[in-house]
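A quick write-up on the structure given underneath.
Protein chains in written order, with the numbering used here: chain A, 6 to 342; chain B, 346 to 918.
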């Protein structure tokens, strides 16, 4: 198992190297001059040139790249010009916020979509099948910022069930001691249930927004995959052996149907990270998406590079997790590894 | 008509199906799949249900088990099993019967097993469901069941997944599942289709032996009249949802009553007959007799194969990471799929390539077709060594049109989005002389007529054609460029016997007319006997026997050939 993980990680190295090179080049070819931006609109050309020299932007590209790689090797991702903080610290502070939101969104989505998909397949053509279709279509056809705003309007403005959409915690509370960076987990670990409730009341609305968005692919894939497995020969064998319908559906069909669903989950997780940016904006969530967007607008290279690199590492880990999960479910995959 | 065999019919039969009619609701309305079927089965009796595809033989058995899919329903009639009215009993009651009192085994055993559950666990599921075992002793019981179906090293196999087992082994597991709770009735639905002939014999012998041991009633559903007659007390022949004849196995063979039974009998390949004998009398009478012009002996060979070898590397045992850091891992011995075979083929000759799955016959045919590169050896065709042309570039070589192929699955080998005409025209457009579209159409129609495909069907898509028609399209496509050599890879394996009879005769006539040579890859020795002049028997990548077909069949020299021949089910003479 450990050997397999090491092997997978080793194969990810070339793609990480590629990501480093491409993001470096991309940030350099993007329009916009960081030196001019930070010098301000009234700066003299000399002042701009001086800032450029300070930032090292007057050096040849290859020298800049080598300096960047050297910094990377020592774990230095550079300093953000806008926040004035080391990028690594910024990412460390903001990544857990995004990750917590995305994971919870995915969790809610799976909790709704998988049972819905299974029921829709088992009772094909019934009202639940039609409901499944409507929910999925509606979820995917509404943009996240719209569902986000709609939920805020209904649950905060009209019903008052949710607090103001202003970040991870109401300002009365201070963050729990950092353990994982996930407030829900950390507050429970510290035994502060009041804090957990506060964090939960802030997070559920944006998480539901993300969940609604990701409902469609998971439901559809679960339904389609269940339908094909339920028609398989081995399900017929199970029925002919007199196994209980619950055993046939959950024990035999569902576990086999999980395989494509797991693959879809990986894809959904990665595009949820993308969709996050808009949700973070709507809910003033101090996540990594909004951080990267701001950096991009100001041509602040270091945070953008840091963001892309962090995402790349996250994807590698995610794919590894999915491979391992796949191997746990399907013995045939274990063999090739 | 119910013909009861045996004398002990004082007690009611185990299974009594009376006037059973099954309907399916389809997009085109209700379709009757089975009409007014009657059958009775006593304890310990073996009944064969024989018919071609669409005869309703599988639907009948699924209805008895009540595992029809949602679209199907019993329209009329009754099914009584051990005193229970199966047709009207609540689902929960029928479920306790399934697997415990009546069981079923299926075609394609590997697909019939849950691919991601250990086979031992799957057996346990059934045992625990029917309270034949407790979770505490289920494992022990499952191993006992595995032993009962003669699985070697059952403790080890208990932990195996289906993909780790051979087809024959998987079928034993399926039998183990079915018989775990010692049912009174076993329904075997084409249990050996797709298995090798020796495996077929082993599986059937096992089923019969266990049935006898346990006094279990058996229904064997098959398209193979020979198999049914060899293993069953009584045989019931079905056609288009109706029972046309039920009789004892000997009676069916000695004096078939119904015209359809006779047609089916005639179409079943067997010893001592010619291809024409497979066709119904009135059809055969109209056809020109087979010319028995033997290919010129001593003439120049069309194809000479010398010491052909194909190796595949085995997966390395060392980890990729270890090799990355320079660890020396000795590469494992490569696997030889084809191990140095040599033979020649004369013009106008047909050569059979027989052997069981994994013997290398398909790999050989792929290399001869130049779709696969040999590791070493020569393929001399018309004096030119084609092994020098790589498989990648062979498609553009002028030799491509000289060697063509007919594939095993008539459905899968046709592009589903091409009409029949487009499929036949495909090689002409790719490899032939440029032609005006009218001329192309004329050539396609000529080819269709040649293979007996009605011209009116040319604009249909594969899914609108029957199996036999699709086979004709495949043959027309292969002969479109007037090849000198056609490789036939089990071209009739997926067809019903009556269709197979027609296609085999067509192939023989085409060969005579067009002067082609055939390499006929098959596992069916009876078919090879009728179609081929010479035969090569392969095992583990080597040729074990070679010679004139009649001579090899009549007095096989190799033990393996004898084993193959003796495994063919022989109906009572």
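Where is the CB? At the ideal position from N, CA and C, for every residue including glycine.
Please confirm whether residue 535(B) has its beta-carbon closer than 7 Å to some beta-carbon of chain A. Not one chain A Cβ lies under 7 Å of residue 535(B).
Identity of the residue in 691(B), 386(B), 486(B), 682(B) nearest residue 700(B) by Cα: It is 682(B).
From the DSSP output, in three-state form, read off residue 603(B) for me. Looking at residue 603(B) - three-state DSSP - the assignment turns out to be coil, as it is neither helix nor strand.
What are the residues in the segment 288-318 of chain A lying within 8 Å of chain B by C-beta distance? Listed by position, the residues of the segment 288-318 of chain A near chain B (Cβ gap below 8 Å) amount to none.
Measuring only the C-alpha atoms, how far is residue 706(B) from residue 495(B)? It is roughly 29 Å from the alpha-carbon of residue 706(B) to the alpha-carbon of residue 495(B).
Name the residue from 237(A), 96(A), 254(A), 33(A) whose alpha carbon lies nearest to the alpha carbon of residue 458(B). From the listed residues 237(A), 96(A), 254(A), 33(A), the smallest Cα separation to residue 458(B) is found for 237(A).
List the residues of chain A whose Cβ lies closer than 9 Å to the Cβ of residue 474(B), in chain order. Per Cβ cutoff of 9 Å: 246, 247, 248, 249, 252.
What beta strand (DSSP E) runs, 3 residues minimum, are completely inside the segment 502-583 of chain B? DSSP runs (the beta strand (DSSP E)) wholly in the segment 502-583 of chain B: 530-534, 562-567.
Opposite residue 657(B) in the DSSP bridges: which residues? DSSP, once it has assigned bridges, lists 680(B) as partnering residue 657(B).
Among residues of its own chain, excluding the 5 on either side of residue 500(B), which ones have a beta-carbon nearer than 7 Å to its beta-carbon? Excluding sequence neighbours, residue 500(B) sits near 488.
Bridge-paired residues (DSSP) for residue 884(B): 887(B), per the DSSP bridge assignment.
Rounded to whole angstroms, what's the CA-CA distance from residue 106(A) to residue 397(B)? Just pull it up for me. For residue 106(A) and residue 397(B), the distance between alpha carbons rounds to 60 Å.
CB contact below 7 Å: residue 464(B) versus chain A: The C-beta of residue 464(B) comes no closer than 7 Å to any C-beta of chain A.
Taking 7 Å as the CB-CB cut-off, is residue 443(B) touching chain A? Taking CB atoms only, residue 443(B) has a neighbour in chain A less than 7 Å away.
Among 485(B), 910(B), 849(B), 461(B), whose alpha-carbon lies nearest the alpha-carbon of residue 336(A)? Relative to residue 336(A), the option among 485(B), 910(B), 849(B), 461(B) whose CA is nearest is 461(B).
Taking the beta carbon of residue 446(B) as the centre, do at least 16 other beta carbons fall within 10 Å, making it buried, or is it exposed? Residue 446(B) should be labelled buried.
Any C-beta of chain A within less than 9 Å: which residues of the segment 411-440 of chain B qualify? Against chain A - using a Cβ distance shorter than 9 Å - the residues of the segment 411-440 of chain B are 412, 414, 415, 436, 439, 440.
Rounded to whole angstroms, what is the Cα-Cα separation between residue 70(A) and residue 39(A)? Rounded to the nearest angstrom, the two C-alpha atoms are 17 Å apart.
Could you name the residues that DSSP lists as bridge partners for residue 822(B)? DSSP output for residue 822(B) lists no bridge partner at all.
Does DSSP put residue 796(B) in a helix, a strand or coil? The answer is coil: DSSP assigns residue 796(B) none of H, G, I, E or B.
Under 7 Å between C-beta atoms of residue 749(B) and residue 828(B): In this structure, residue 828(B) lies closer than 7 Å to residue 749(B) by Cβ.
Residues that residue 471(B) contacts on chain A, provided the C-beta gap is smaller than 8 Å: The answer, in chain order, is 246, 247, 248.
Where does residue 655(B) land, buried or exposed, given buried means 16+ other C-beta within 10 angstroms? Residue 655(B) should be labelled buried.
Under 8 Å (Cβ pairs) to chain A, residues found in the segment 544-560 of chain B: For the segment 544-560 of chain B, which is checked against every Cβ of chain A, not one residue is closer than 8 Å.
Give the DSSP-derived three-state secondary structure of residue 697(B) in the structure shown. In the structure shown, residue 697(B) sits in a strand (DSSP, three-state: E or B).
Is residue 73(A) close to chain B, meaning its C-beta is less than 7 Å from at least one C-beta of that chain? No, because no Cβ of chain B sits closer than 7 Å to the Cβ of residue 73(A).
Can you tell me whether DSSP reads residue 377(B) as helix, strand or coil? In the displayed model, residue 377(B) falls within a strand according to three-state DSSP.
Among 377(B), 873(B), 569(B), 743(B), the one whose alpha carbon lies nearest that of residue 715(B): Distances from the alpha-carbon of residue 715(B) to those of 377(B), 873(B), 569(B), 743(B) put 743(B) closest.
Would you mind telling me which residues of chain A sit closer than 9 Å to residue 449(B), beta carbon to beta carbon, in chain order? For residue 449(B), the chain A residues whose C-beta falls within less than 9 Å of its own C-beta are 241, 242, 245, 246, listed in chain order.
For residue 603(B) and residue 609(B), what's the separation of their Cα atoms in angstroms? Those two C-alpha atoms are separated by around 10 Å.
Contact defined as beta carbons within less than 8 Å: I believe residue 432(B) pairs with residue 412(B). What is the distance between those atoms, to the nearest angstrom? Not confirmed; about 13 Å, so no contact.
Can you give the Cα-Cα distance for residue 684(B) and residue 711(B), rounded to whole angstroms? Inter-residue distance for residue 684(B) and residue 711(B) is about 15 Å (C-alpha atoms, whole angstroms).
Closest by CA to residue 142(A), which one among 224(A), 64(A), 92(A)? Out of 224(A), 64(A), 92(A), 224(A) has the C-alpha closest to the C-alpha of residue 142(A).
Just to confirm, are residue 358(B) and residue 387(B) a CB contact at a threshold of 7 Å? With respect to residue 387(B), residue 358(B) sits close: the two C-beta atoms are nearer than 7 Å.
Please return the same chain residues whose Cβ sits closer than 7 Å to the Cβ of residue 822(B), not counting the five positions on each side in sequence. Answer for residue 822(B): 768, 769, 771, 772, listed in chain order.
Whose C-beta lies closer than 6 Å to the C-beta of residue 709(B) among residues of the same chain, with five residues either side of it excluded? Within the same chain, and ignoring the five residues on either side of residue 709(B) in sequence, the residues whose Cβ sits closer than 6 Å to its Cβ are 683.
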